[in-house]
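What follows is a single structure, written as C-alpha cells, with notes after it.
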Amino acid sequence: ETGVTQTPRHLVMGMTNKKSLKCEQHLGHNAMYWYKQSAKKPLELMFVYSLEERVENNSVPSRFSPECPNSSHLFLHLHTLQPEDSALYLCASSSVAGPGGYTFGSGTRLTVV
Amino acid sequence: QQQVKQSPQSLIVQKGGIPIINCAYENTAFDYFPWYQQFPGKGPALLIAIRPDVSEKKEGRFTISFNKSAKQFSLHIMDSQPGDSATYFCAAPYSTFGGGTRLMVKP
C-alpha cells in the first residue's frame, strides 16, 4: 500500500446508477486531489481540497460531486454518468506546506455501461 | 493550457541502454520538479525530484538534469532494466503534469 487507499479498485455501473468512490490517507497530509486518467490522455485534475476546503474545480461536470469530510478522507460521488466517463480515477494527497510530491492511490477503474 | 510539455510519448530501448525523457516548462515561478513512475494497474509513484538551485540530482540509476535558462529538465535512466518498463510523468507545482512517456526496455 502506498499510504493512500482507494476503494473500490474496480467499479462497473450503469448510466442511471449512483455510486461513490472513497479515498483515505493517514500520512498527515492536508491537501487531497481527484484526477481522471484516460487512455492516451494526460492526467486531468478534477478537484483539489486544501485544509478540507475545495479550492479548485477544473470545470468538471456536475455529475461528479466531491466531498471532503476531514483531512484524511475524500469521496467522489457519481450519478448519471456517461460511457465517456469510463477511466481510472486517482486520488492523491500532499502537504500544503510543500513543495513536495504527491502520494497517489492505486486508483478505481470505472466502467460505465 | 499545458504548462509542462513532455517528450517523447513513447520510447523503446534495449536492456542496458540510457533512455532520456525531456520536459519543458513555461512558468519561471516553478520551484520544484518531480518525476513519477507508473506501472499498469497502479497509481503514479514519486521517483525523484529536483529544485532549480541545482543542475543535476542522482538517486540510484535515475538522474535528473536541469537547465534553468532553457526551462527544461530531463530524466536519464542508467543501465536500464526490463523492470523499468513503465509510464513516466514529469511534473511541476500546482498539480501540473506532463503528458507521460511510455518506456519499454527490451531484454
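One line per chain: the protein sequences are H and B, in this order. Counting in our numbering, the first sequence runs from 1 upward without gaps. Counting in our numbering, the second sequence runs from 1001 upward without gaps. The beta-carbon is built from N, C-alpha and C at its ideal position, and this holds for glycine as well. Computed from a predicted structure; not experimentally measured.
Can you tell me whether residue i is buried or exposed, with buried defined as 16 or more other CB within 10 angstroms of its CB?
i                : result
I1021 of chain B : buried
P1107 of chain B : exposed
D85 of chain H   : buried
P1034 of chain B : buried
Q82 of chain H   : exposed
I1012 of chain B : exposed
L88 of chain H   : buried
A1009 of chain B : Rather than Ala, the amino acid found at residue 1009 of chain B in this sequence is Gln. Q1009 of chain B comes out exposed.
L1047 of chain B : buried
H29 of chain H   : buried
F1039 of chain B : exposed
G1083 of chain B : exposed
Taking only three categories from DSSP, how would you classify residue i?
i                : result
P1052 of chain B : coil
P1093 of chain B : coil
P1034 of chain B : strand
Could you tell me which of the options sits nearest to residue i, measuring between CA atoms?
i                : options                               : result
H77 of chain H   : H:E84, H:S86, H:E67 and H:V113        : H:E67
E44 of chain H   : H:L51, H:S50 and H:K36                : H:K36
S1055 of chain B : B:L1047, B:G1041 and B:K1071          : B:K1071
R1051 of chain B : B:T1028, B:Q1081, B:G1098 and B:Q1003 : B:T1028
H79 of chain H   : H:V113, H:Q6 and H:R9                 : H:V113
K41 of chain H   : B:A1045, B:F1089 and B:G1060          : B:F1089
G3 of chain H    : B:G1060, B:S1069 and B:A1045          : B:A1045
Y1094 of chain B : H:T5, H:F47 and H:H10                 : H:F47
L74 of chain H   : H:F64, H:S38, H:Y33 and H:G101        : H:Y33
Y102 of chain H  : H:V55, H:S65, H:A31 and H:L51         : H:A31
K19 of chain H   : H:L51, H:S38, H:H26 and H:S65         : H:S65
F1066 of chain B : B:K1005, B:S1007, B:Q1003 and B:A1024 : B:A1024
L21 of chain H   : H:R54, H:E56 and H:T7                 : H:T7
S1085 of chain B : B:F1073, B:G1099 and B:V1105          : B:V1105
Taking Cβ-Cβ distances shorter than 9 Å, what residues in chain A pair up with residue i?
i                : result
P1034 of chain B : Absent from the structure: chain A. Protein chains present are H and B.
List, from N- to C-terminal side, the alpha helix (DSSP H) runs of 4 residues or more that fit wholly inside the stretch 45-85 of chain H.
none
At a cut of 8 Å, does the stretch 102-112 of chain H reach the stretch 1003-1020 of chain B through at least three beta carbon pairs?
The stretch 102-112 of chain H, when compared against the stretch 1003-1020 of chain B, does not touch it at the 8 Å Cβ threshold.
Should the stretch 11-18 of chain H be regarded as contacting the stretch 55-66 of chain H, the criterion being three or more beta carbon pairs within less than 8 Å?
no
Inter-stretch contact at 8 Å, needing at least 3 Cβ pairs: the stretch 1074-1086 of chain B / the stretch 87-106 of chain H
No, because fewer than three Cβ pairs between the stretch 1074-1086 of chain B and the stretch 87-106 of chain H fall closer than 8 Å, the two stretches do not touch.
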